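Before any comments, here is the structure.
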């Protein structure tokens, strides 16, 4: 199954990775692949109790979105939760036969290409089948199906690994057992900045493609994270303006640089306005003369 999915996946999966050395955050259990228990660990070496999660992760409001965005407090950077994070932080806890299947499908200890996340999911599915059979074979009915609980005031923290990634809950309870405070941090909110970072790295390689191709590859990149937004809302409406004969117009180039975080401290625009020309047409004598002037002005600005 794992090899079948790996062989039939998106061709982008074998091209250079989109993510640039992401930080992976997941649970880690002492002796099993994590699902409902464990400590919160990162691929950068952090190892904390679940109760300390909010000491290290910050939820931010951003002007462009109604969704909360999560970053690490230490450096304000995005991070990645989900199957790739679980695999990176816990591959040694998978059964030997599952590790062998992952290796046969071309997965190393760490996968940094989101387009290959479907293969990691297949590896986890294989593990889930093996684990389910083990639990069924060893099942014994408990004496009691529920535990008696006496309410008391306090605060509780818990985290599980949902298929989409780390899911964190915190609840405050009063002496009567009523919830007085709550915070839920779902995996989609945690992956939101990572998704945006991936799109910033991906789009420049596709900017000269037709609009429908750009939209399609962006949708694929987003869905590699399995965010709830892609199945719960009408998905990805693009605001596309007219293109110049130079693929990007001046305003588009400046906006792209701003989004990519590469806008320089200052910009001086030097150019020559052309009229009545078509893509691929030769430059007129006037533009050839202007070109030489523009080149000279640019050269004078260089150190």
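In my numbering, the protein residues as written are 433 to 735. All C-beta atoms in this analysis are idealised placements derived from N, C-alpha and C, irrespective of residue type, glycine included. Only a predicted model underlies this, so the values are computations on that prediction, with no experimental measurement involved.
* **Between the CA atoms of residue 535 and residue 545 - distance to the nearest angstrom** => Cα to Cα, the separation comes out at about 16 Å.
* Segments assigned alpha helix (DSSP H), at least 4 residues, entirely inside the segment 489 to 523 -> For the segment 489 to 523, whole alpha helix (DSSP H) runs of length 4 or above, ordered along the chain, are 515 to 522.
* Asked: Taking C-alpha atoms, which residue in 562, 569, 518 lies nearest to residue 529?
  -> For the residues 562, 569, 518, the minimum Cα distance to residue 529 belongs to 562.
* Asked: Can you give the Cα-Cα distance for residue 732 and residue 518, rounded to whole angstroms?
  -> A direct Cα-to-Cα measurement between residue 732 and residue 518 gives close to 53 Å.
* To do: Could you tell me the distance, in whole angstroms, from the CA atom of residue 459 to the CA atom of residue 700?
  => Distance between the alpha carbons of residue 459 and residue 700 is about 50 Å.
* **Where residue 479 falls: helix, strand or coil (DSSP)** => The answer is strand: DSSP assigns residue 479 an E or B state.
* Asked: Taking only beta-carbon atoms, is residue 546 less than 8 Å away from chain B?
  -> Among the chains of the structure shown, chain B does not appear; only one protein chain is present.
* To do: Note down the Cα distance separating residue 686 from residue 652, rounded to an integer number of angstroms.
  => Going from the Cα of residue 686 to the Cα of residue 652 covers about 26 Å.
* Residue range of the beta strand (DSSP E) that includes residue 458 -> Element bounds for residue 458: 457 to 460.
* Identity of the residues DSSP links to residue 613 by a beta bridge -> Residue 613 has 604 as its beta-bridge partners, per DSSP.
* Asked: Just to confirm, are residue 622 and residue 597 a CB contact at a threshold of 8 Å?
  -> A contact, by the Cβ cut-off of 8 Å.
* Asked: Taking the continuous alpha helix (DSSP H) assigned at residue 725, which residues delimit it?
  -> Per DSSP, residue 725 belongs to the alpha helix (DSSP H) from 717 to 733.
* To do: Decide if the segment 550 to 569 is in contact with the segment 577 to 592; the criterion is three or more beta carbon pairs, one per stretch, under 8 Å apart.
  => For the pair of segments examined, the segment 550 to 569 was found not to touch the segment 577 to 592: the number of CB pairs separated by less than 8 Å stays below three.
* **Reference residue 482, options 476, 491, 474, 470, closest by Cα** => The shortest C-alpha separation from residue 482 is found at 470.
* Using the beta-carbon count (16 or more within 10 Å), is residue 634 buried or exposed? -> By the 10 Å Cβ count, residue 634 comes out buried.
* Asked: What residue range is occupied by the uninterrupted alpha helix (DSSP H) comprising residue 530?
  -> Run containing residue 530: 528 to 536, per the alpha helix (DSSP H) assignment.
* To do: Leaving aside the five residues before and after residue 497 along the sequence, list all residues of the same chain whose C-beta is less than 8 Å from its C-beta, in chain order.
  => Taking residue 497 as the centre and dropping the five residues before and after it, the same chain places the C-beta of 624 closer than 8 Å to its C-beta, in chain order.
* First and last residue of the uninterrupted alpha helix (DSSP H) at residue 593 -> Residue 593 -> not in any alpha helix (DSSP H); beta strand (DSSP E) instead, spanning 586 to 594.
* Helix, strand or coil at residue 700 according to DSSP, with G and I counted as helix -> The DSSP-derived three-state label of residue 700 is coil.
* What is the residue span of the beta strand (DSSP E) that residue 656 lies within? -> Run containing residue 656: none; DSSP gives neither H nor E here.
* Cβ atoms of residue 475 and residue 521: under 8 Å apart, would you say? -> Remark: C-beta atoms of residue 521 and residue 475 approach each other more closely than 8 Å.
* Contact check, residue 656 vs residue 547, beta carbons under 8 Å -> With contacts defined as CB atoms closer than 8 Å, residue 656 and residue 547 qualify as a contacting pair.
* Look at the alpha carbon of residue 506 and the alpha carbon of residue 478, and state the distance between them as a whole number of angstroms. => Approximately 11 Å between the Cα atoms of the pair.
* To do: Using the DSSP secondary-structure output, state which residues sit across from residue 597 in a beta bridge.
  => Per DSSP, 594.
* With distances taken from CA atoms, which of 509, 697, 649, 467 is nearest residue 594? -> In this structure, 467 is the residue among 509, 697, 649, 467 with its C-alpha nearest to the C-alpha of residue 594.
* To do: Alpha carbon to alpha carbon, how far is residue 695 from residue 638? Give it in angstroms, no decimals.
  => Residue 638 and residue 695: Cα-Cα distance of roughly 19 Å.
* **Contact set for residue 692: own chain, Cβ-Cβ below 6 Å, skip 5 residues either direction** => In its chain, beyond the 5 residues on either side, 632 have a beta carbon closer than 6 Å to the beta carbon of residue 692.
* Asked: What does a CB cutoff of less than 8 Å around residue 607 pick up in its chain, not counting 5 residues either side in sequence?
  -> Excluding sequence positions up to five before and after residue 607, its CB lies within less than 8 Å of the CB of 583, 584, 585, all in the same chain and listed in chain order.
* To do: Report buried or exposed for residue 666, applying the criterion of at least 16 other Cβ atoms within 10 angstroms of its Cβ.
  => Because the pLDDT at residue 666 is just 49, under 50, the model does not fix this residue reliably, and the value given afterwards should be weighed accordingly. Flag for residue 666 reads exposed.
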